[in-house]
Amino acid sequence: MTKETNINKACVKLRPGDAYTGKQGFDYFEGISKETTGSQAICMHLLTVPPGGRAKAHKHTTHETAIYVLSGNAIMYWGEHLEHCMETTAGDLIYIPADVPHLPINTDDIAAQAVIARTDPHEQESVELLPHLNDLVP
3 MTKETNINKA CVKLRPGDAY TGKQGFDYFE GISKETTGSQ AICMHLLTVP PGGRAKAHKH
63 TTHETAIYVL SGNAIMYWGE HLEHCMETTA GDLIYIPADV PHLPINTDDI AAQAVIARTD
123 PHEQESVELL PHLNDLVP
């Protein structure tokens, strides 16, 4: 018989409620994270980006990001100098590798909503702001 290494094996259900402002400049609905559920290797949050909303240029050091766009339209600049541009719309799935600089902007006149999952259970610990890239995007 083997001994359990994780004593708390309870499943947890949450409903979005409290929000927090991330380093990136957006407000996120608190979701699955180390702090809320005890997750060990993942976090998942809901994001609403207001019309014209723009993040600060950043990357997630050593952590991958997966995004599902629920509604709205946005563009995301990405790359070492934000030289690439990706248009996104409701129904799109987006993958951002670890350490890739990016900067999303809501280009629509309605709010954009997305589910965001990362391999960082703390959500904000791996966020590294890249202010030298902010002015590269109009």
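The sequence shown: position 11 = 13 (this note's numbering), numbered continuously.
Even for Gly, the Cβ is constructed at its ideal location relative to N, Cα and C.
*Does the segment 27 to 38 touch the segment 72 to 87, meaning 3 or more C-beta pairs lie closer than 8 angstroms?*
no
_Using the three-state DSSP reduction, which class does Pro53 fall into: helix, strand or coil?_
coil
*Looking at Pro18 and Phe28, is the spacing between their C-beta atoms short of 8 angstroms?*
no
*Less than 8 angstroms separating the beta-carbons of Val51 and Trp80?*
No Cβ-Cβ contact shorter than 8 angstroms links Val51 with Trp80.
*Sort Gln26, Val14, Pro123 by Cα distance to Pro133 and report the nearest one.*
Gln26
*Could you check which residue in Thr39, Lys58, Gly40, Gln42 has the C-alpha nearest to that of Leu135?*
Lys58
*Over what stretch of residues does the beta strand (DSSP E) that includes Thr67 continue unbroken?*
67 to 73
_Exposed unless 16 or more other CB atoms sit within 10 angstroms - verdict on Cys45_ = buried
*asked:* Would Val117 and Ala92 be called neighbours here (beta carbons separated by less than 8 angstroms)?
replied: no
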